[in-house]
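Here is the structure we will look at.
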Amino acid sequence: MLRHISPQLLRLLIVQVATVIFIIDAFTPLDIAIAVLYVVVVLASVHAWPRHVLRISGICVVLTLFGFLFSNWGHLVDASAGRCAVSLAAIAITGYLAHTNHIANERLWQQEETLRESRNQLAHAARVSTLGELAASIAHEVNQPLAAISANGSAALRWLNRPQPELEEVRIAIGRIQADTARASEVITRIRALARRSDPEQQALDLNEVARESAALVRRELKSHKVTLRLALAQGLPPVLGDRVQLQQVIINLLMNGMQAMDGQGGGRLELATQAGAEGGVQLSVADTGPGIASENLGRLFDPFFSTKPDGMGMGLAISRSIIDSHGGRIAATSSGSGAVLQCTLPALAEVPA
Ligand SMILES: Nc1ncnc2c1ncn2[C@@H]1O[C@H](COP(=O)(O)OP(=O)(O)OP(=O)(O)O)[C@@H](O)[C@H]1O
Ligand SMILES: [Mg+2]
């Protein structure tokens with residue numbers, strides 16, 4: 309609850325509470341260990357002055373001693389001395405425990421930060437290595453609009469070189485050149501985003517769009533693995549909150565795994581589908597017509613470095629799971645005689661906790 313109060317207000321409250329305790333302790337003849345309530349001040353100071361808990365405990369100890377001397381001057385050794393000792397012990401122990409707890413929490417937080425950073429670096433390294441595998445697809449994606457630009461440029465020149473230049477045709481060709489330039493530059497921007505090492509950027513995403521972009525990046529790969537890809541994207545899905553590049557990475561991993569699984573049978577079919585999830589989320593699945601996953605491997609599929617491929621690193625699914633986890637979603641694999649299905653569920657934007 310204290311976390312919801314602003315630090316300034318909390319500090320003011322703490323000072324007021326400490327003052328009230330001191331006044332009651334020092335100036336009223338109550339026969340109770342009122343100073344033990346400084347424990348509340350110490351505990352609240354964990355949120356108000358996290359780095360100074362020991363100092364605040366020291367101040368409370370001093371206030372307790374002053375209060376005791378004030379109210380018991382002349383008869384210091386009686387029952388109230390025992391109550392004062394109990395209060396001092398309670399404040400000291402609470403202060404020490406709160407301080408060590410704070411240090412442990414801070415250490416834990418730093419470790420979590422380091423872990424998050426390493427996870428991002430690992431995901432980035434895997435992305436760059438996937439980009440290497442996708443080089444042929446990428447070249448093709450960029451080459452297509454470039455070839456179209458060149459063809460439209462030549463056409464425009466021909467129209468211009470006529471005895472009677474056809475300016476309307478030239479205008480149309482230049483319009484096409486502009487559109488293809490934009491297409492090529494979009495592909496390059498997407499690839500650069502995949503290659504760049506940047507912190508995850510959360511935004512509202514249309515999962516269908518991310519699926520289409522990922523499919524475009526593996527188009528060439530599909531051809532060389534003799535695989536046909538069918539997109540079955542449901543309409544009217546709610547947006548999800550996520551990092552575009554990371555989700556692309558997951559989809560590309562799943563598509564590549566599907567293609568590689570069907571290598572042994574000389575090709576097959578892949579289906580990349582989206583649909584509304586049972587619990588209000590959005591589901592994305594990649595199904596193949598390969599041999600499926602052996603039941604003894606199902607439990608280890610997402611373990612780092614688990615691979616059944618001679619040249620596999622075994623990191624694709626482990627990284628995909630850590631990405632989906634960090635998006636608050638789930639990823640699971642099922643297998644049947646007619647292939648494997650890898651399915652991710654992501655929370656819809658409206659239900660992502662603030
Ligand atoms: N669609 C699939 N069909 C059958 N087996 C699969 C499928 N997807 C994954 N697997 C199994 O899961 C293992 C782990 O996959 P993962 O993507 O983590 O690693 P990898 O593909 O072997 O290597 P890489 O790190 O290069 O992706 C694969 O080696 C394979 O045995
Ligand atoms: Mg893989």
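When the letters of the sequence shown are read in order and numbered with this note's numbering, they come out as residues 309 to 662. In this text, a Cβ means the ideal position worked out from N, Cα and C, and glycines have one as well.
Between which two residues does the alpha helix (DSSP H) holding Val354 run? Along the sequence shown, read from residue 1 onward, the residue named residue 354 stands at position 46. For Val354, the enclosing alpha helix (DSSP H) begins and ends at Tyr346 to Ala356.
Taking 7 Å as the cut-off, does the CB of Ile601 come closer than this to any heavy atom belonging to ligand 1? For the purposes of this step, residue 601 is taken as residue 293 along the sequence shown, with counting starting at 1. True, at least one ligand heavy atom lies under 7 Å from that Cβ.
Short Cβ contact (8 Å threshold) for Val361 with Ala398: For the purposes of this step, residue 361 is taken as the residue at position 53 of the sequence shown. For the purposes of this step, residue 398 is taken as the residue at position 90 of the sequence shown. When the beta-carbon positions are compared, Val361 and Ala398 stay at least 8 Å from each other.
I need the straight-line Cα distance from Ser462 to Ala487, nearest angstrom please. By one-based count along the sequence shown, residue 462 stands at place 154. By one-based count along the sequence shown, residue 487 stands at place 179. Taking C-alpha positions only, Ser462 is separated from Ala487 by approximately 16 Å.
Neighbour-count burial assignment, Met621, 16 or more Cβ in a 10 Å radius: Here residue 621 refers to the residue found at position 313 of the sequence shown. Exposed.
Indicate whether Leu338 and Thr372 have their beta-carbon atoms separated by less than 8 Å. As a working note, residue 338 is residue 30 in the sequence shown. As a working note, residue 372 is residue 64 in the sequence shown. Against a cut-off of 8 Å, the Cβ pair of Thr372 and Leu338 comes out as no contact.
Go through the residues and name those whose CB comes closer than 5 Å to any heavy atom of ligand 2, in chain order. This selection yields Asn565 and Gly624.
Gly576: first and last residue of the uninterrupted alpha helix (DSSP H) it sits in: As a position in the sequence shown, residue 576 is number 268, starting the count at 1. Looking at the DSSP string, Gly576 is not in any alpha helix (DSSP H); the run it does join, the beta strand (DSSP E), is Gly576 to Ala584.
Between the Cα of Gly647 and the Cα atoms of Gln583, Ile632 and Ala569, which residue gives the shortest distance? For the purposes of this step, residue 647 is taken as the residue at position 339 of the sequence shown. Its Cα nearest to that of Gly647, the residue Ala569 stands out among Gln583, Ile632 and Ala569.
Cβ of Gln658 within 8 Å of Cβ of Gln651? Numbered from its first residue, the sequence shown carries residue 658 at position 350. Numbered from its first residue, the sequence shown carries residue 651 at position 343. According to the sequence shown, residue 658 is Ala rather than Gln. Not a contact, by the Cβ cut-off of 8 Å.
Is Thr408 near ligand 1, with its Cβ less than 7 Å from a heavy atom? Here the question's residue 408 lines up with position 100 in the sequence shown. The answer is no for Thr408.
Sorted by chain position, which residues of the same chain lie with C-beta nearer than 6 Å to Phe614's C-beta, five sequence neighbours on each side aside? Counted from its first residue, the sequence shown places residue 614 at position 306. Closer than 6 Å at Cβ, skipping near neighbours: Arg608 and Gly622.
For a test of the three-state rule: what should DSSP assign to Ala662, helix, strand or coil? Against the sequence shown, residue 662 aligns to sequence position 354. For Ala662, the pLDDT reaches just 46, beneath the cut-off of 50, and the residue's location in the model is therefore unreliable, leaving the point undetermined.
Quick check: the segment 586-604 against the segment 494-513, are there 3 or more CB pairs under 8 Å? With the cut-off at 8 Å, the segment 586-604 and the segment 494-513 do not touch.
I want to check one thing, is the minimum distance from the CB of Leu606 to the heavy atoms of ligand 1 below 7 Å? Locating residue 606 in the sequence shown gives position 298, where the first residue counts as 1. Outside the cutoff, so no.
What's the gap between the Cα of Pro358 and the Cα of Pro315? On the sequence shown, residue 358 is found 50 positions in, with the first residue counted as 1. On the sequence shown, residue 315 is found 7 positions in, with the first residue counted as 1. Cα to Cα, Pro358 sits roughly 11 Å from Pro315.
Can you tell which of His312, Val495, Ala393 and Asp619 has its C-alpha closest to the C-alpha of Ala343? For the purposes of this step, residue 343 is taken as the residue at position 35 of the sequence shown. Of the candidates His312, Val495, Ala393 and Asp619, the one whose C-alpha sits nearest the C-alpha of Ala343 is Ala393.
For the segment 586-632, which segments carrying the beta strand (DSSP E) assignment without a break, of at least 3 residues, lie completely within its bounds, in sequence order? For the beta strand (DSSP E) assignment, the uninterrupted runs of no fewer than 3 residues enclosed by the segment 586-632 are, from N- to C-terminal side, 590-596.
Beta strand (DSSP E) containing Leu539: first to last residue? Position 231 of the sequence shown, counted from the start, is the residue given in the question as residue 539. Its beta strand (DSSP E) spans residues Val535 to Leu541.
Whole angstroms are fine: how far does the CA of Ala406 sit from the CA of Gly390? As a first step, residue 390 is located in the sequence shown; it is residue number 82 there, counting from the start. As a first step, residue 406 is located in the sequence shown; it is residue number 98 there, counting from the start. Their Cα atoms are separated by approximately 24 Å.
What span of residues does the beta strand (DSSP E) with Ile639 cover, start to end? Working through the sequence shown from its first residue, we reach residue 639 at position 331. Counting along the chain, the beta strand (DSSP E) containing Ile639 begins and ends at Arg638 to Ser644.
For Ile560 and Lys531, the rounded distance between their alpha carbons: The residue you call residue 531 lines up with position 223 of the sequence shown. The residue you call residue 560 lines up with position 252 of the sequence shown. The straight-line gap from Cα to Cα measures roughly 15 Å.
Going along the chain, which residues of its own chain have a beta-carbon closer than 6 Å to the beta-carbon of Ala444, five neighbours each way excluded? Here residue 444 refers to the residue found at position 136 when the sequence shown is read from its first residue. Hits under 6 Å: Arg528.
Comparing alpha-carbon positions, which option in His533, Gly585, Thr616 and Leu539 lies nearest Gly576? Locating residue 576 in the sequence shown gives position 268, counting from the first residue. Among His533, Gly585, Thr616 and Leu539, the Cα nearest to that of Gly576 is on His533.
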